[in-house]
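Residue 2 in full-length UniProt numbering sits at position 2 of the sequence shown, and the numbers go up by one each step. For each residue, glycine too, the CB sits at the ideal point set by N, CA and C. Since this is a predicted model, take the numbers as computed values, not measurements.
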Amino acid sequence: LRAVAFQEGTMDEIATCFGYTPQSLKTLVNRLLRGKHQLFPDIKSGPKGRHTVQETVKVIIGLRRERRL
Numbered sequence: 001l002r003a004v005a006f007q008e009g010t011m012d013e014i015a016t017c018f019g020y021t022p023q024s025l026k027t028l029v030n031r032l033l034r035g036k037h038q039l040f041p042d043i044k045s046g047p048k049g050r051h052t053v054q055e056t057v058k059v060i061i062g063l064r065r066e067r068r069l
């Protein structure tokens with residue numbers, strides 16, 4: 001996209017150089033200009049939840065209640 005912005009060649013040359021088809025590069029540029037695509041999307045940060053299967057959680061809680069774990 002920088003190559004397109006600074007006109008470092010034709011759209012066809014730039015697309016070929018970076019492995020895009022000319023139409024896909026034009027579509028990407030068009031979406032960026034119209035605000036339909038975000039170049040640097042926001043990344044959610046912060047604590048992540050556990051991904052433990054609910055059945056496993058029940059077994060662990062049961063064992064803790066029996067003081068076996």
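Contact set for residue i: own chain, Cβ-Cβ below 8 Å, skip 5 residues either direction
i: Leu32; result: Leu1 and Leu39
Pairwise C-alpha distance: residue j and residue i
i: Lys58; j: Asp42; result: 36 Å
i: Asp12; j: Lys36; result: 22 Å
i: Asn30; j: Val4; result: 12 Å
i: Val53; j: Lys44; result: 24 Å
i: Arg50; j: Thr56; result: 12 Å
i: Gln23; j: Thr16; result: 11 Å
Whole-number beta carbon distance between residue j and residue i, since they are thought to touch under 8 Å
i: Ile14; j: Leu25; result: 7 Å
Where the alpha helix (DSSP H) containing residue i begins and where it ends
i: Gln7; result: Per DSSP, Gln7 belongs to no alpha helix (DSSP H) and is neither H nor E.
i: Gly62; result: Gln54 to Arg65
Sequence-distant residues of its chain with Cβ nearer than 6 Å to residue i (five each side left out)
i: Arg34; result: none
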